[in-house]
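For reference, the structure discussed in these notes is given below.
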Amino acid sequence: MKQPLNCAILKLFKSLDEACYADVMDKLKAEYGDMRAFTRKGVDGVLMTAVTNGILEETRYELDKNGDLKIFYRANDEGKATIEKYLPH
Amino acid sequence: MSPVTFTATQARQKVGSKYLRNGIIIATASGVTYGLYTAFITLAMSMGVWEDWYGPNLALLSLFTITYVLGSLGSAVNYTLSAVWATGAAAVKGKLRDFVRSIKTKPGRTLVIASLVGGPISTSAYVIGLQLAGSIIIPITALCPAIGAILARIFYKQKLTARMLFGIAICVLATVLIGLQAVEPDAHPNMLLGIIIASVAAFGWGFEGCIAGYATAFIDDDIAILIRQSVAGLSGLIILAPLFALIGGNVGEVVMLAGRIVTDMGSFPIFFISSFFALYTFKWWYKGNSMCGAALGMACNGTFSFWGPLFCWLILGLIVGQDGWALPPVAWVAAVLMFIGVLFIAVNPLMIFKKKEVA
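Protein chains in written order, with numbering that gives the first Met the number 0: chain A, 0 to 88; chain B, 0 to 358.
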């Protein structure tokens, strides 16, 4: 059975070194692209909330060629352990 | 620093400020809707069949039934209707499929436990504490934001500085000021036991705010609230109210009373309004806590101790014309204190002055 969207987003960070919202959406588009909640705003919200709760940490940010802000996140060892604890394989 | 990097920094700061501002607005809005939900459920439970049960009592219900069975039934009906609203909201947003998926995950099960602790267990402890010790327990339950912040520090290593603790203390003081208005001069015979039981409620709500706020980082808030209201409503209807009725010696009574409640056109439509506000109360409480952290989120939500009396005065006092809902002047002082407290938790006031100096 498919994971809930928020769980799927956080689970990605167990294997990714670093990702921004666009990377996350690319990875999950095939499986979750049909969900109405699968939007940039939604994904951004999940990532920022995970930072507030110490699950992810921000690594860097940049403006892309369209002047769009991209914030990159990663899960450190503790964050990966938390994700594994709540969302085991 | 290159101009491009500077612009990126500005954009990042703007996003960060907007996120924090939205979190504070959502958490405070949960306090406002809590006030509205309190006013409407109080109104519902004073009309139709409730008017007799809590008034002349021509139905000849026992004092135990009136206190415990009716209290738990009113709360359970409200939460169950709120779950109906939550189902509709999740369906409209295309998230309903995530409900079953979420409940099978560990964060989903955590939400079920938090809902049981904060819903039927804490609500019952509050009602029983109120009966045993009187309204002196209201200031005690106001400690729940402080408890939530401390638990979040212990369980999730969330930030809790001396400045934040000072802010929380101001908010608790403000709530205590309002609560003290309701304290009766005569001591109840079982006051100590009532206070201990009410402390369970304070701990339970602190626990729920902290645990559920964290779990909402894993589970969408529309789904989290659907889980919360379904668990709180159904456990109240199926377990808590029958349990109270059993203790009272007439378990069959609960079915009769529930039937009267849901077919009573004098009060039932008002439960639809109170349950709508209950939906946003808990949804925004969870979301605010997950966006701001438990310390700030629960302090913003704690402003309900001002919004509750305010909306009771506006709706029950001014609009409906019931006596006894006048807002004590100290409530306004408490509201200002709460604002100062929340400010202390959210930002370092010294930074505001420093920024002005730089400008």
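For each residue, glycine too, the CB sits at the ideal point set by N, CA and C.
- Can Gly178 of chain B and Ala132 of chain B be called in contact, C-beta distance under 7 Å? Taking the second sequence and counting its residues from 1, one reaches residue 178 of chain B at position 179. Taking the second sequence and counting its residues from 1, one reaches residue 132 of chain B at position 133. Note that the C-beta distance between Gly178 of chain B and Ala132 of chain B is not below 7 Å.
- Message: Report the CB separation of Tyr125 of chain B from Thr280 of chain B in whole angstroms; it is logged as a contact under 8 Å.
- Response: As a first step, residue 125 of chain B must be located in the second sequence, where it is residue number 126. As a first step, residue 280 of chain B must be located in the second sequence, where it is residue number 281. The pair is not a contact, with the Cβ atoms about 15 Å apart (cut-off 8 Å).
- Query: Given a threshold of 16 other Cβ atoms within 10 Å of its Cβ, counted over all protein chains shown, does Asp322 of chain B qualify as buried or as exposed?
  - Reply: Stepping through the second sequence from its first residue, residue 322 of chain B is reached at position 323. Exposed, by the Cβ-count rule.
- Task: Please list the partners that Glu61 of chain A has in chain B, where partner means a Cβ-to-Cβ separation under 7 Å.
- Result: Counting from one through the first sequence, the residue named residue 61 of chain A turns up at place 62. By Cβ distance, chain B contributes Ala7.
- With distances taken between CB atoms, is the gap from Ala293 of chain B to Gly166 of chain B smaller than 7 Å? To locate residue 293 of chain B, count along the second sequence from 1; it is residue 294. To locate residue 166 of chain B, count along the second sequence from 1; it is residue 167. It is not a contact, given that the beta carbons lie outside the stated cut-off.
- Who are the neighbours of Met34 of chain A on chain B, taking C-beta pairs under 7 Å? Taking the first residue of the first sequence as position 1, residue 34 of chain A is located at position 35. Under the 7 Å cutoff, chain B gives Gly93.
- Item | Identified DSSP bridge partners for Ala18 of chain A | For this step, residue 18 of chain A is matched to residue 19 along the first sequence. According to DSSP, Ala18 of chain A bridges with A:Tyr72.
- chain A residues whose Cβ lies nearer than 7 Å to that of Thr104 of chain B: In the second sequence, counting from the first residue as 1, residue 104 of chain B sits at position 105. Pro3, Cys6, Leu86, listed in chain order.
- Query: To the nearest whole angstrom, what separates the beta carbons of Leu256 of chain B and Val91 of chain B, a pair I think is in contact under 8 Å?
  - Reply: Mapped onto the second sequence, residue 256 of chain B falls at position 257. Mapped onto the second sequence, residue 91 of chain B falls at position 92. At roughly 33 Å, the Cβ-Cβ gap does not stay under 8 Å, so Leu256 of chain B and Val91 of chain B are not in contact.
- Kindly list the residues whose CB is nearer than 7 Å to the CB of Thr79 of chain B, restricted to its own chain and excluding five residues on each side of it in sequence; keep chain order. Translated into the one-based positions of the second sequence, residue 79 of chain B becomes position 80. Once the five neighbours on either side are set aside, the close Cβ partners of Thr79 of chain B are Gly232, Leu233, Leu236.
- Query: Around the Cβ of Arg20 of chain B, are there at least 16 other Cβ atoms within 10 angstroms (buried) or fewer (exposed)?
  - Reply: Counting from 1 along the second sequence, the entry for residue 20 of chain B is found at position 21. So Arg20 of chain B ends up on the exposed side.
- Query: The beta strand (DSSP E) spanning Tyr60 of chain A covers which residue range?
  - Reply: As a working mapping, residue 60 of chain A is identified with position 61 in the first sequence. 56-62 is the span of the beta strand (DSSP E), which, as asked, contains Tyr60 of chain A.
- Contacting residues, own chain, Cβ-Cβ under 6 Å from Tyr155 of chain B (five flanking each side not counted): In the second sequence, counting from the first residue as 1, residue 155 of chain B sits at position 156. Cβ neighbours of Tyr155 of chain B beyond the five flanking positions: Tyr213.
- State the DSSP-derived secondary structure class of Asp263 of chain B, mapped to helix, strand or coil. The count along the second sequence starts at 1 and reaches residue 263 of chain B at position 264. Asp263 of chain B: coil per DSSP, three-state reduction.
- Under 8 Å Cβ-Cβ, which residues of chain B neighbour Leu49 of chain A? Looking up residue 49 of chain A in the first sequence gives position 50. With the sequence shown as reference, residue 49 of chain A is identified as Ala, and Leu is not the correct amino acid for it. What Ala49 of chain A touches in chain B: Ala216.
- Query: Does Asn52 of chain A get closer than 7 Å to chain B when you measure Cβ to Cβ?
  - Reply: As a first step, residue 52 of chain A must be located in the first sequence, where it is residue number 53. Asn52 of chain A has a beta carbon lying within less than 7 Å of a beta carbon in chain B.
- Query: If you check the beta carbons only, do Gly147 of chain B and Met297 of chain B fall under 7 Å apart?
  - Reply: Within the second sequence, residue 147 of chain B is the residue found at index 148, counting from 1. Within the second sequence, residue 297 of chain B is the residue found at index 298, counting from 1. Yes. Within cutoff.
- Give the straight-line distance between the Cα atoms of Phe373 of chain B and Ile210 of chain B, rounded to the nearest whole angstrom. Absent from the structure is residue 373 of chain B, since the part of chain B shown begins at 0 and ends at 358.
- Would you kindly report the start and end of the unbroken alpha helix (DSSP H) that includes Thr66 of chain B? Within the second sequence, numbered from 1, the residue matching residue 66 of chain B stands at position 67. Here Thr66 of chain B belongs to no alpha helix (DSSP H), and DSSP marks it neither H nor E.
- Message: Report the start-end ranges of each beta strand (DSSP E) in the region 303-333 of chain B that is 3 residues or longer and not cut off at the edges.
- Response: none
- Message: Please report whether the beta-carbon of Leu68 of chain A lies at a distance below 7 Å from any beta-carbon of chain B.
- Response: The residue given as residue 68 of chain A occupies position 69 in the first sequence. Chain B, which has a Cβ nearer than 7 Å to the Cβ of Leu68 of chain A, makes this yes.
- Message: Any beta carbon from chain A within less than 7 Å of Asp263 of chain B's own beta carbon?
- Response: On the second sequence, position 264 is the one that residue 263 of chain B refers to. Chain A, which has no Cβ nearer than 7 Å to the Cβ of Asp263 of chain B, makes this no.
- Kindly indicate if chain A contains any beta-carbon less than 7 Å away from that of Tyr53 of chain B. Reading the second sequence from its first residue, position 54 is the one you call residue 53 of chain B. No - not a single Cβ of chain A is within 7 Å of the one on Tyr53 of chain B.
- Query: Counting along the chain, where does the alpha helix (DSSP H) carrying Ile222 of chain B start and finish?
  - Reply: As a position in the second sequence, residue 222 of chain B is number 223, starting the count at 1. DSSP places Ile222 of chain B in the uninterrupted alpha helix (DSSP H) bounded by 220-234.
- Task: Examine chain A for any beta-carbon lying closer than 7 Å to the beta-carbon of Tyr285 of chain B, and answer yes or no.
- Result: The count along the second sequence starts at 1 and reaches residue 285 of chain B at position 286. For Tyr285 of chain B, the answer is no, since every Cβ of chain A falls outside 7 Å of its Cβ.
- Got a sec, what are the start and stop residues for the alpha helix (DSSP H) Ile194 of chain B sits in? Sequence index remark: in the second sequence, residue 194 of chain B carries index 195 (1-based). That run of the alpha helix (DSSP H) goes 190-214.
- Message: By the DSSP assignment, the alpha helix (DSSP H) with Gln130 of chain B in it spans what residues?
- Response: Here residue 130 of chain B is taken as the residue at index 131 of the second sequence, counted from 1. Its alpha helix (DSSP H) spans residues 121-132.
- Task: Take Gly117 of chain B and list the residues in its own chain whose beta-carbon comes closer than 6 Å to its own, dropping the five residues that flank it on each side.
- Result: Taking the second sequence and counting its residues from 1, one reaches residue 117 of chain B at position 118. Scanning its chain for C-beta atoms nearer than 6 Å, with the 5 sequence neighbours on each side dropped, one finds around Gly117 of chain B the residues Gly203, Trp204, Glu207, in chain order.
- Query: Lys103 of chain B by DSSP, collapsed to three states: which one?
  - Reply: For this step, residue 103 of chain B is matched to residue 104 along the second sequence. The answer is coil: DSSP assigns Lys103 of chain B none of H, G, I, E or B.
- When you compare each of B:Gly34, B:Ala89, B:Gly70 to Met34 of chain A by their alpha carbons, which one comes out closest? Along the first sequence, one-based indexing puts residue 34 of chain A at 35. Shortest Cα-Cα distance from Met34 of chain A to any of B:Gly34, B:Ala89, B:Gly70 involves B:Ala89.
- Task: Take Met0 of chain B and list the residues in its own chain whose beta-carbon comes closer than 7 Å to its own, dropping the five residues that flank it on each side.
- Result: Numbered from its first residue, the second sequence carries residue 0 of chain B at position 1. The pLDDT assigned to Met0 of chain B is 48, lower than 50, so where the model puts this residue is not dependable, and the model offers no usable value.
- Mind checking which residues open and close the alpha helix (DSSP H) that includes Pro138 of chain B? On the second sequence, position 139 is the one that residue 138 of chain B refers to. From DSSP, the alpha helix (DSSP H) with Pro138 of chain B extends over 136-140.
- Task: Reducing DSSP to helix, strand and coil, say where Gln2 of chain A ends up.
- Result: Counting from one through the first sequence, the residue named residue 2 of chain A turns up at place 3. Gln2 of chain A: coil per DSSP, three-state reduction.
- So, is the C-beta of Ala10 of chain B closer than 7 Å to a C-beta in chain A? In the second sequence, residue 10 of chain B corresponds to position 11, counting from 1. It does: the Cβ of Ala10 of chain B has a partner Cβ on chain A nearer than 7 Å.
- Query: If you measure from the beta carbon of Gly292 of chain B to each beta carbon in chain A, is any gap under 7 Å?
  - Reply: Working through the second sequence from its first residue, we reach residue 292 of chain B at position 293. Closer than 7 Å: yes.
- Output yes if chain A places a C-beta closer than 7 Å to the C-beta of Tyr213 of chain B; else output no. Here residue 213 of chain B corresponds to residue number 214 of the second sequence, with the count starting at 1. With 7 Å as the cut-off, Tyr213 of chain B counts as an interface residue toward chain A.
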